[in-house]
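Residue numbers (the numbering used here): 646 to 976. We put the beta carbon where it would ideally sit given N, CA and C, even for glycine. Here's the structure, in structure tokens; my notes come after.
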Ligand SMILES: [Zn+2]
């Protein structure tokens, strides 16, 4: 049983009439001039450096804060911790964006952040100058283990890739950008608050029939067969079963960007591609066949649901990385 220190130290003092009387004394009392240090917030992991920002014990190690604000957050003993307090306006903004995106609300500040409203207005977040119109939605959901959701602005209707945590503040921001026409769900794990978003944004959701379960039964568009399927001329949907039966990647052709869901990504520790086979719901063979499909597709960016984004120099570099991954699993 865990020791309850709080109970042990909160015994009530006896009533005044039962307390021993103090004797008068002539010893002069020296007043303390140094105030005691403020009590540490019990939620604070001891692995955090001292200072305003800290991560609590409920962190699920999804790594979101570590790639959003790598200057501030690091992995220590299997969870995130503040490794360096922000020292510039830019890093503070990134740390607050990570705070808002944390799926378990595990990031805190000792002092109320007066600039929080301003930071809320920065969402969705642009990703890269070479990915114009592609944004991170932030507000990751614990229901999808902190999966990343993206927004693609497009003249024929904006597309949201996977579902963030439902937040009216983000909904307002998305509406200012023209709303969302389609919510493309890469697979069953990352659907989070799709119903609330569909209700608010009146978007049409898309998922593969292989990943239709009770929670996705009301999705408007259910893809059948092996595809590929198209949304207009700029987007292609590629069936990549393995992680789940209905896993589908979305290719944004003009930007050579592939939104991979949990099919493939890069880990924190290495620049190599990783299949996260321990989470695959189908066989390794099925997943490897789906990886082979990507060899004939013209893209350079991997934008995953979990883990780190990768950009290869060109399609040949992308193919070399895929071939190295295949070789690792075949040998
Ligand atoms: Zn998944």
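Taking a C-beta distance under 7 Å as the contact criterion, residue 749 and residue 705 qualify as a contact pair. Annotated three-state conformation of residue 875 is strand, per DSSP. Between residue 804 and residue 779, the gap from beta carbon to beta carbon reaches 7 Å or more. The alpha-carbon of residue 869 is positioned some 18 Å away from that of residue 906.
About 6 Å separates the beta carbons of residue 946 and residue 903, which is inside the 8 Å limit, making them a contact pair. For the pair residue 789 and residue 866, the Cα-to-Cα distance works out to about 21 Å. Relative to ligand 1, the nearest heavy atom lies less than 6 Å away from the CB of residue 834. By the Cβ test, the segment 879–891 is not in contact with the segment 835–849, since fewer than three Cβ pairs between them sit closer than 8 Å. Here residue 766 carries a coil assignment [DSSP, helix/strand/coil].
At least one heavy atom of ligand 1 is found less than 6 Å from the C-beta of residue 907. A direct Cα-Cα distance of roughly 25 Å separates residue 858 from residue 910. Comparing alpha carbon positions, the residue from 975, 927 and 723 closest to residue 702 is 723. Only residues of its own chain outside the window of five on either side were considered, and among them 830, 832, 833, 889, 890, 891 and 892 have a CB closer than 8 Å to the CB of residue 856, listed in chain order. DSSP, reduced to helix, strand and coil, places residue 952 outside both helices and strands of the structure shown, so it counts as coil.
The three-state secondary structure of residue 911, taken from DSSP, is strand.
By the Cβ neighbour-count rule, residue 929 is exposed, with fewer than 16 other Cβ atoms within 10 Å of its own.
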